[in-house]
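Below is one structure, written out as structure tokens; comments come after it.
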Amino acid sequence: MRPKFAQVSDDKIIGSSSWLDPSGQRQERYQVLTIRDGKIADMQVCGSRRQAKRFANRTRA
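Convert by adding 1319 to the 1-based position in the sequence shown; the result is the number in the working numbering.
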């Protein structure tokens, strides 16, 4: 597994992880984390980076 993270606003982080499944196919998922008071308050899983960016932008406070 290879996780990566990018902060996209004061309270939003987009994380991504990729791995190889048992058949050797590369799998990738993106997570939008909302941070409040130094803790993860919400996490949304998305199938693409584009989806994650749209979600992060749509839910900005």
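Note that beta-carbon positions come from the ideal geometry of N, C-alpha and C, so glycine has one too.
- Per DSSP, the continuous beta strand (DSSP E) segment holding residue 1326 begins and ends at 1323 to 1326.
- When rounded, the separation of the alpha-carbon atoms in residue 1329 and residue 1342 is 39 Å.
- DSSP links residue 1346 through a beta bridge to 1338.
- Residue range 1358 to 1365 is occupied by the beta strand (DSSP E) that includes residue 1361.
- Closest in alpha carbon position to residue 1372, among 1351, 1359, 1358, 1356, is 1351.
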